[in-house]
Amino acid sequence: NAGVTQTPKFQVLKTGQSMTLQCAQDMNHNSMYWYRQDPGMGLRLIYYSASEGTTDKGEVPNGYNVSRLNKREFSLRLESAAPSQTSVYFCASSEISGGPLNTGELFFGEGSRLTVL
Amino acid sequence: QKEVEQNSGPLSVPEGAIASLNCTYSDRGSQSFFWYRQYSGKSPELIMSIYSNGDKEDGRFTAQLNKASQYVSLLIRDSQPSDSATYLCAVKGRDDKIIFGKGTRLHILP
Numbered sequence: 005n006a007g008v009t010q011t012p013k014f015q016v017l018k019t020g021q022s023m024t025l026q027c028a029q030d031m032n033h034n035s036m037y038w039y040r041q042d043p044g045m046g047l048r049l050i051y052y053s054a055s056e057g058t059t060d061k062g063e064v065p066n067g068y069n070v071s072r073l074n075k076r077e078f079s080l081r082l083e084s085a086a087p088s089q090t091s092v093y094f095c096a097s098s099e100i101s102g103g104p105l106n107t108g109e110l111f112f113g114e115g116s117r118l119t120v121l
Numbered sequence: 036q037k038e039v040e041q042n043s044g045p046l047s048v049p050e051g052a053i054a055s056l057n058c059t060y061s062d063r064g065s066q067s068f069f070w071y072r073q074y075s076g077k078s079p080e081l082i083m084s085i086y087s088n089g090d091k092e093d094g095r096f097t098a099q100l101n102k103a104s105q106y107v108s109l110l111i112r113d114s115q116p117s118d119s120a121t122y123l124c125a126v127k128g129r130d131d132k133i134i135f136g137k138g139t140r141l142h143i144l145p
């Protein structure tokens, strides 16, 4: 089982360049998430998608855009990269969206390490 | 802004002892609570989830939830060197967004 697949795993950008981080899951999950992790900061939610065609801002959405292309794929785009966006980015998905019985367990990709010079 | 607070540590515990990790959260409407373990350079992995007040045990791990106090904890009994990692508390609100604390670094002393 592939689970959650993120590409690329490593990327170096120059300030002002743009790029898209790709994420795909094969578990038929409705909910998908993008987080960033900086040293000592835990995981901070960038954007969330409850289902295909819907997205919602998280804790730190500025400088990012997302697209929920279909149920499997959720991409994160940096339009004009800044050094403050140097981080490890994690995509995650979870089973069942909404309702009191939603377990909410997150399944993570391996992470994408982004450096902006 | 919803918040999840954890002591960043490091928390040092002798091998074989009980490690106690704590977490508080600000959103009273939160529904589900999770503990993830993360080794350096790796993705987080779920070790415990809890949804109702009280204790939930799974092997050496016990999660405790007190919604009135907005408090969730994780106990690790018979701590092993392999338990050395960062432990992340996560909370799911009514909007299905899952927010993490900054994590507690745990170091088990051989």
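Protein chains in written order, with the numbering used here: chain A, 5 to 121; chain B, 36 to 145. Here a beta-carbon is modelled for each residue, glycine too, at the ideal position from N, C-alpha and C. As the structure is a prediction and not an experimental result, all values here were calculated from the model.
- Identification of residues in the segment 111-131 of chain B having a C-beta nearer than 8 Å to some C-beta of chain A yields Leu123, Ala125, Lys127, Asp130, Asp131, given in sequence order.
- Assignment of Ser84(A) by DSSP, reduced to helix, strand and coil, places it in the coil class.
- With 16 or more other CB atoms across the displayed protein chains lying within 10 angstroms of its CB, Ile50(A) is buried.
- In the structure shown, Ser117(B) adopts helical secondary structure according to DSSP, grouped into three states.
- According to the DSSP secondary-structure assignment, Lys91(B) is paired through a beta bridge with Ala98(B).
- Around the beta carbon of Met31(A), a 10 Å sphere encloses fewer than 16 other beta carbons of the protein chains shown; the residue is thus reported as exposed.
- The DSSP-derived three-state label of Gln36(B) is coil.
- The beta-carbon of Ser78(B) is placed less than 9 Å from the nearest beta-carbon of chain A.
- A distance below 9 Å separates the beta carbons of Leu109(B) and Ser55(B).
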